[in-house]
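In order, the protein sequence lines correspond to chains A and B. Following the working numbering, the numbering of the first sequence begins with 1 at its first residue and continues without gaps. Following the working numbering, the numbering of the second sequence begins with 1001 at its first residue and continues without gaps.
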Amino acid sequence: MSAASRITTCVRLNLRVQQRSGFIQILLGLALVLVVVVRLGLPETLWPLLVPTMLLVEYGAVGLTLVAAMQYLESNEKSAAALAVSPLESTEHVAAMLLAPALVGTVAGLGIQAGLIGLDARVLLLLPPLLVTCVLAGAAGLWVACYYREFTRFILGVIPIVALIQLPLLSLYGLTPRFTWLWHPADAALYSFTNLTEASPSLLAWAGYLALLVGFCTLGFRQVHRVYCERILQRLGEST
Amino acid sequence: MIIEAEGLGYTYPGQPDPVIRSLDFQIEAGEVFGFLGPNGSGKTTTQKLLTRILPGYRGKVSIFGQDLRGQSAAFYNRVGVCFEFPNLYEKLTAEENLGFYAEFFDVATEEPRNVLERLDLPVGDRRPVSKWSKGMKMRLSLGRSLLNRPPLWFLDEPTTGQDPAHAVLIRQLIREKAELGTSIFLTTHNMTVADELCDRVAFLVDGEIRVLDAPRDLKLAHRSQLARVEYRNDSERVTRDFDLATQAEKNAFAELVRTREIETIHTQEPTLEDVFLRVTGRDLA
Ligand SMILES: Nc1ncnc2c1ncn2[C@@H]1O[C@H](COP(=O)(O)OP(=O)(O)OP(=O)(O)O)[C@@H](O)[C@H]1O
Ligand SMILES: [Mg+2]
Chain A
1 MSAASRITTC
11 VRLNLRVQQR
21 SGFIQILLGL
31 ALVLVVVVRL
41 GLPETLWPLL
51 VPTMLLVEYG
61 AVGLTLVAAM
71 QYLESNEKSA
81 AALAVSPLES
91 TEHVAAMLLA
101 PALVGTVAGL
111 GIQAGLIGLD
121 ARVLLLLPPL
131 LVTCVLAGAA
141 GLWVACYYRE
151 FTRFILGVIP
161 IVALIQLPLL
171 SLYGLTPRFT
181 WLWHPADAAL
191 YSFTNLTEAS
201 PSLLAWAGYL
211 ALLVGFCTLG
221 FRQVHRVYCE
231 RILQRLGEST
Chain B
1001 MIIEAEGLGY
1011 TYPGQPDPVI
1021 RSLDFQIEAG
1031 EVFGFLGPNG
1041 SGKTTTQKLL
1051 TRILPGYRGK
1061 VSIFGQDLRG
1071 QSAAFYNRVG
1081 VCFEFPNLYE
1091 KLTAEENLGF
1101 YAEFFDVATE
1111 EPRNVLERLD
1121 LPVGDRRPVS
1131 KWSKGMKMRL
1141 SLGRSLLNRP
1151 PLWFLDEPTT
1161 GQDPAHAVLI
1171 RQLIREKAEL
1181 GTSIFLTTHN
1191 MTVADELCDR
1201 VAFLVDGEIR
1211 VLDAPRDLKL
1221 AHRSQLARVE
1231 YRNDSERVTR
1241 DFDLATQAEK
1251 NAFAELVRTR
1261 EIETIHTQEP
1271 TLEDVFLRVT
1281 GRDLA
């Protein structure tokens, strides 16, 4: 068994648990409701602003809540301790915890895109930044969940992070110059998206964004893995 | 040697005193090693140290001849760990719990349904395990720890919460694995289990090993020299104890046996439980 196949197994396991807990249904349902509301209730002129907003909200919601939910479930049921005595490395476990909700978030994002603008081949360009942004949102969620175990505190801790994720929207709304948030991890998804709706994106710019995102991801992953080991794995030993 | 611990010590973070002071012991390949001791003496803590769940211990531990500190998670391909409390994915079925877990291993694994059958658990039950009873969940956790056919198996009170029939089943399973050469680290409060199954037992008291020996040798060492005689005195039944360690009592005993109509004579063979109570000083009676 390679690291990749262990991660895949763990992702499937996480998705199964989340499906049984109803989280996935809620998040995909939310995407559906958003699409229906926008289609039926809002003038098409507003869509270029609304759709990216919804995408970012969806990332935030999906990434943060699913990862945190998984974290709560595992530590409440102590099943994380079972994984800790399996050949799954802690890095692989954390990777799977981030990837599983990122997949759900990506599917939800694509659903929104398909429902409002339609899908064509250019969606392939949108996919990677979507996925990576979801991973980052998840990393932020897990990071907060490692510090705040109590639900209300977790929510309070998450609010500033959700706000940070939404920052690139300021440019979309014309409140800040277009390239202010170029460095921002969520900007790539937004940029790809608006490009898709307007014109063909520049491949070079797209690749640059992707490299930036991968950098952010690596950094975020390292950080959250360290915190997870310090705060969760240590406590796991004390509480099982 | 499958496990070697030297000066193993542990203090929970933020606690002033160590829970495990300094343990030295060795477990041979194929041995069933019983770890006994009063509540709170540090048995579960020790198992967590040996299974890498609690980092930051003092001293040195080698397992399979390698320092525990340098091990990667691949270590668990050869180790099975059953915790004191069931820890399952409560929303998944038993087969899902076993199936996903089995996929993590590099080594050949048991078929989930065989494991379920072996532990007298229902096969094909579509309910999540949250609907199962505590005893069933415990057996499922036990089964999960066996999926990879581990050469080293850690068990923390495996018979707790089991009805007598299932306790016997688990005892048989442990014996079966021991006969196949599995090394077993067995924590238990059940003295019958310890006496029957363990090659050697260690008594842990306040984070230290008080005695460590084969159950039979421990019982011999703690045998009292007491003989209890029941005899007839006219129509009355009389019971009298003799301490055969002293010459006078010995003579009195011989005299009685010669002159009276004896009904029963018992030397007071200690059980492992008696040894436990004496060694741990926890005779609550
Ligand atoms: N997370 C923890 N933080 C601080 N102290 C702890 C923690 N867990 C256990 N202890 C203490 O360590 C000591 C040993 O506990 P442990 O669970 O190892 O005992 P045990 O021998 O397994 O007991 P039992 O027979 O009841 O299962 C106890 O005094 C307990 O209070
Ligand atoms: Mg215990």
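Even for Gly, the Cβ is constructed at its ideal location relative to N, Cα and C. These figures come from a predicted structure and were not determined experimentally.
Taking only beta-carbon positions, decide if Val38(A) is within less than 9 Å of chain B. Numbered from its first residue, the first sequence carries residue 38(A) at position 38. It does not; no Cβ of chain B falls within 9 Å.
Determine the chain B residues that contact Ser79(A) at a beta-carbon separation under 7 Å, and present them in chain order. Your numbering for residue 79(A) matches position 79 in the first sequence. Simply Asn1087, Leu1088 and Tyr1089.
Is Val1019(B) helix, strand or coil by DSSP? Counted from its first residue, the second sequence places residue 1019(B) at position 19. Here Val1019(B) sits in coil by DSSP.
Cβ of Arg149(A) within 9 Å of any chain E Cβ: Of the protein chains in this structure, namely A and B, none is chain E.
Select from Thr45(A), Gln71(A) and Ser239(A) the residue whose C-alpha is nearest the C-alpha of Ser21(A). The count along the first sequence starts at 1 and reaches residue 21(A) at position 21. If we check each option's Cα against that of Ser21(A), Gln71(A) comes out closest.
Exposed or buried, Gly97(A), counting other C-beta atoms within 10 Å across all chains shown (16 or more means buried)? Counted from its first residue, the first sequence places residue 97(A) at position 97. In the sequence on display, residue 97(A) carries Met and not Gly. By the neighbour-count definition (other C-beta atoms within 10 Å, threshold 16), Met97(A) is a buried residue.
For Ile1209(B), does the three-state DSSP call read helix, strand or coil? By one-based count along the second sequence, residue 1209(B) stands at place 209. Looking at Ile1209(B) - three-state DSSP - the assignment turns out to be strand.
Glu1176(B) versus Arg1118(B): straight-line alpha-carbon distance, rounded: Start at 1 with the first residue of the second sequence, and residue 1176(B) comes out as number 176. Start at 1 with the first residue of the second sequence, and residue 1118(B) comes out as number 118. Their backbone Cα atoms lie some 12 Å apart in a straight line.
List the endpoints of the continuous alpha helix (DSSP H) containing Phe1276(B). Indexing the second sequence from 1 puts residue 1276(B) at position 276. Leu1272 to Thr1280 is the extent of the alpha helix (DSSP H) around Phe1276(B).
What is the DSSP secondary structure of Ile159(A), reduced to helix, strand or coil? In the first sequence, counting from the first residue as 1, residue 159(A) sits at position 159. Here Ile159(A) sits in helix by DSSP.
If we ignore side chains and look at the alpha-carbon of each, how far apart do Ala1285(B) and Phe1276(B) end up? To locate residue 1285(B), count along the second sequence from 1; it is residue 285. To locate residue 1276(B), count along the second sequence from 1; it is residue 276. In this prediction, Ala1285(B) scores a pLDDT of 46, lower than 50, which makes its location untrustworthy; the coordinate-derived value is nonetheless stated afterwards. So the two alpha carbons sit approximately 13 Å from each other.
Among residues of its own chain, excluding the 5 on either side of Val1081(B), which ones have a beta-carbon nearer than 7 Å to its beta-carbon? Here residue 1081(B) corresponds to residue number 81 of the second sequence, with the count starting at 1. So the list reads Thr1051, Ser1145 and Phe1154, once near-sequence residues are dropped.
What residues match up with Leu1152(B) in a beta bridge as DSSP calls it? Within the second sequence, numbered from 1, the residue matching residue 1152(B) stands at position 152. Residue pairing by DSSP puts Leu1152(B) in a beta bridge opposite Val1079(B) and Ser1183(B).
Thinking just about the alpha-carbon of each residue, which of Ala1248(B), Leu1023(B), Pro1122(B) and Leu1036(B) is nearest to the one in Thr1192(B)? Locating residue 1192(B) in the second sequence gives position 192, counting from the first residue. Comparing Cα positions, the closest option is Leu1036(B).
Quick one: is Asp1234(B) buried, meaning 16 or more other Cβ sit within 10 Å of its Cβ, or exposed? What you label residue 1234(B) is simply residue 234 of the second sequence in a count that begins at 1. With fewer than 16 Cβ atoms within 10 Å of its Cβ, Asp1234(B) is classed as exposed.
Counting Cβ pairs closer than 8 Å, one from the stretch 145-156 of chain A and one from the stretch 83-92 of chain A, do we hit at least three? no
Three-state secondary structure assigned by DSSP to Asn1233(B): Stepping through the second sequence from its first residue, residue 1233(B) is reached at position 233. Strand, per DSSP.
Apart from the five residues just before and just after Ala102(A), which ones in its own chain have a Cβ nearer than 7 Å to its Cβ? For this step, residue 102(A) is matched to residue 102 along the first sequence. Hits under 7 Å: Gly63, Leu131, Cys134, Val135 and Gly138.
Asp1206(B) beta carbon near ligand 2 (any heavy atom closer than 8 Å): The residue given as residue 1206(B) occupies position 206 in the second sequence. Answer for Asp1206(B): no, Cβ out of range of ligand 2.
Proximity of Phe1185(B) and Gln1047(B) at Cβ, strictly below 9 Å: Against the second sequence, residue 1185(B) aligns to sequence position 185. Against the second sequence, residue 1047(B) aligns to sequence position 47. Result yes, Cβ atoms of Phe1185(B) and Gln1047(B) sit closer than 9 Å.
Coarse secondary structure for Leu1008(B), derived from DSSP in three states: As a first step, residue 1008(B) is located in the second sequence; it is residue number 8 there, counting from the start. It is a strand residue.
Put Leu1244(B) into one of helix, strand or coil per three-state DSSP. Taking the first residue of the second sequence as position 1, residue 1244(B) is located at position 244. In the structure shown, Leu1244(B) sits in coil (DSSP, three-state: anything other than H, G, I, E or B).
Could you tell me which of Arg1021(B), Gly1281(B) and Met1001(B) sits nearest to Gly1009(B), measuring between CA atoms? For the purposes of this step, residue 1009(B) is taken as residue 9 along the second sequence, with counting starting at 1. Answer by Cα proximity: Arg1021(B).
Using the rule of at least 16 other Cβ atoms within 10 Å of the residue's Cβ for burial, across every protein chain shown, is Arg6(A) buried or exposed? Counted from its first residue, the first sequence places residue 6(A) at position 6. With 16 or more Cβ atoms within 10 Å of its Cβ, Arg6(A) is classed as buried.
Less than 8 Å between C-beta atoms, sequence neighbours within five positions excluded: which residues of the same chain meet that for Leu1212(B)? The residue given as residue 1212(B) occupies position 212 in the second sequence. Phe1025, Arg1200, Val1201, Ala1202 and Phe1203.
Should Asn1251(B) be labelled buried (16 or more other beta-carbon atoms within 10 Å of its own) or exposed? One-based indexing of the second sequence puts residue 1251(B) at position 251. Its Cβ having fewer than 16 others within 10 Å, Asn1251(B) is exposed.
With 16 other Cβ atoms within 10 Å as the buried cut-off, status of Met54(A): The count along the first sequence starts at 1 and reaches residue 54(A) at position 54. Buried, by the Cβ-count rule.
Inter-residue Cα distance where the pair is Trp47(A) and Val123(A): Numbered from its first residue, the first sequence carries residue 47(A) at position 47. Numbered from its first residue, the first sequence carries residue 123(A) at position 123. Their backbone Cα atoms lie some 18 Å apart in a straight line.
Specify whether the stretch 1263-1270 of chain B and the stretch 1226-1242 of chain B touch according to this definition: at least 3 beta carbon pairs, one from each stretch, less than 8 Å apart. yes
For the alpha helix (DSSP H) containing Arg1139(B), name the first residue and the last one. The residue you call residue 1139(B) lines up with position 139 of the second sequence. Per DSSP, Arg1139(B) belongs to the alpha helix (DSSP H) from Lys1134 to Arg1144.
C-alpha gap between Ala207(A) and Leu126(A), whole angstroms: Numbered from its first residue, the first sequence carries residue 207(A) at position 207. Numbered from its first residue, the first sequence carries residue 126(A) at position 126. Taking the straight line joining both Cα atoms gives about 11 Å.
Using only the heavy atoms of ligand 2, determine whether one of them is closer than 8 Å to the beta carbon of Asp1217(B). Taking the second sequence and counting its residues from 1, the one referred to as residue 1217(B) is at position 217. Not so, every heavy atom of ligand 2 lies at least 8 Å from the Cβ.
Which of helix, strand or coil does DSSP assign to His1266(B)? In the second sequence, residue 1266(B) corresponds to position 266, counting from 1. When secondary structure is reduced to three states using DSSP, His1266(B) falls in the strand class.
Consult DSSP for Glu74(A) and reduce its assignment to one of helix, strand or coil. Reading the first sequence from its first residue, position 74 is the one you call residue 74(A). Of the three classes helix, strand and coil, the one that applies to Glu74(A) here is helix, per DSSP.
So with Cβ pairs under 9 Å, would you call Thr65(A) a contact of chain B? Your numbering for residue 65(A) matches position 65 in the first sequence. Any Cβ of chain B closer than 9 Å to the Cβ of Thr65(A) would place that residue at the interface, and such an atom is absent.
In three-state DSSP terms, what is Gln1066(B)? Position 66 of the second sequence, counted from the start, is the residue given in the question as residue 1066(B). In the displayed model, Gln1066(B) falls within a strand according to three-state DSSP.
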